[in-house]
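Below is one structure, written out as structure tokens; the observations come after it.
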Amino acid sequence: MQTIQSNLEHIHQQIKESERKFGRATDSVQLLAVSKTKPNHAIVDACRAGQRQFGENYVQEGVEKVQYFQEHHSDFDIEWHFIGPIQSNKTRPISENFDWVHSIDRAKVAQRLNDQRPEGRRPLQVLIQVNTSGEASKSGIPVQQALELASSIEALPNLSLRGLMSIPAAVASYEEQLQAFNQLKDLFEAIKAQYPQVDTLSMGMSGDMEAAIEAGSTMVRIGTAIFGARAYSSKQ
15 MQTIQSNLEH IHQQIKESER KFGRATDSVQ LLAVSKTKPN HAIVDACRAG
65 QRQFGENYVQ EGVEKVQYFQ EHHSDFDIEW HFIGPIQSNK TRPISENFDW
115 VHSIDRAKVA QRLNDQRPEG RRPLQVLIQV NTSGEASKSG IPVQQALELA
165 SSIEALPNLS LRGLMSIPAA VASYEEQLQA FNQLKDLFEA IKAQYPQVDT
215 LSMGMSGDME AAIEAGSTMV RIGTAIFGAR AYSSKQ
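Counting in our numbering, the sequence shown runs from 15 upward without gaps.
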């Protein structure tokens with residue numbers, strides 16, 4: 015019988031095999047468990063199996079989970095990542111509750127997250143979401159504007175720029191997956207050259223994780239393969 019623990023063990027094994035295959039350093043790729051739409055007890059099971067980094071897409075649902083675990087399971091010391099699209103009018107709860115944000119794609123959102131970060135909290139660790147495919151339906155800043163946004167974020171004291179995130183278009187072949195990821199890796203290296211603290215390249219999901227790791231991903235975002243199929247709700 016498959017369990018969350020056995021699923022996590024399997025994914026970690028896949029990551030380690032890809033690290034070896036592509037000459038990556040051991041443990042150079044982190045696993046972010048995407049827990050959107052999943053109940054608290056599933057996250058508890060993942061925590062008991064050793065997982066500590068969780069990604070949420072929806073503001074209300076994510077904030078409720080953060081607050082639940084702070085109240086009932088503070089010993090797990092979870093690191094919460096917001097990975098969904100950001101509406102300007104919902105930046106406050108994101109800034110007040112999350113440790114990381116993967117999906118900054120405009121200076122206005124960055125400024126609001128900075129201004130609304132509670133005093134005394136560690137700076138919000140942030141990634142720029144890049145739209146490498148140019149799809150209008152996808153969030154993210156165009157590749158050619160990412161360096162300018164990085165400069166804007168670097169000037170904000172309550173944010174710490176850590177790298178890039180992308181959700182490339184779904185493509186059929188491994189070669190096409192790799193090409194899209196390599197484009198983001200090139201941009202990542204350019205930004206890293208300017209900002210030494212940049213160390214995180216969030217790319218790769220269940221269907222393209224191996225190509226992402228080959229291209230240099232440092233964090234893969236996996237949900238269904240850990241928790242099973244999602245039951246979507248209307249919570250945003």
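Just so you know, even glycine gets a beta-carbon here, dropped at the ideal spot from N, CA and C.
A check of alpha carbon separations from S220 across T51, E189, I181 identifies I181 as the nearest.
In its chain, beyond the 5 residues on either side, S174, L175, R176 have a beta carbon closer than 8 Å to the beta carbon of Q211. For Q193 and G230, the gap between their C-alpha atoms comes out near 12 Å.
In the structure shown, the three-state DSSP call for Q16 is coil. Residue W94 holds the alpha-carbon nearest to the alpha-carbon of K50 among K35, W94, S102.
Annotation for F96: the continuous beta strand (DSSP E) segment containing it runs 93-96. Nearest to M179 by alpha-carbon distance, out of L215, P107, K79, I155, is L215. In this structure A225 is buried. Its beta-carbon is surrounded by 16 or more other beta-carbon atoms within 10 angstroms. Counted as a single uninterrupted DSSP element, the alpha helix (DSSP H) harbouring F195 occupies residues 188-208. Within the same chain, K52, A56 come within 6 Å of F241 by CB-CB distance, once the 5 residues on both sides are set aside.
Note on the segment 83-124: whole alpha helix (DSSP H) runs with a minimum of 4 residues are 105-111, in chain order.
A contact between stretches requires three or more CB pairs, one per stretch, nearer than 8 Å, and the segment 126-136 fails this requirement with the segment 152-161. In this model, A39 and M233 are separated by some 13 Å (Cα to Cα). Note: M217 is not bridge-paired with any residue in the DSSP secondary-structure output. Judged by DSSP in its simplified three-state form, G69 adopts strand.
Assigned with DSSP and collapsed to three states, R176 falls in strand. V58 and H86 have their C-alpha atoms some 10 Å from each other. The C-alpha of M15 is placed about 49 Å away from the C-alpha of Q208. Partner residues in the beta bridge of N145, as assigned by DSSP, are P156. In the displayed model, Q44 falls within a strand according to three-state DSSP. Only buried fits Y72, as 16 or more other CB atoms lie within 10 angstroms of its CB. Scanning its chain for C-beta atoms nearer than 8 Å, with the 5 sequence neighbours on each side dropped, one finds around I29 the residues V43, L45, M223, I227, V234, in chain order.
For R136, there is no enclosing alpha helix (DSSP H), as DSSP gives it neither H nor E.
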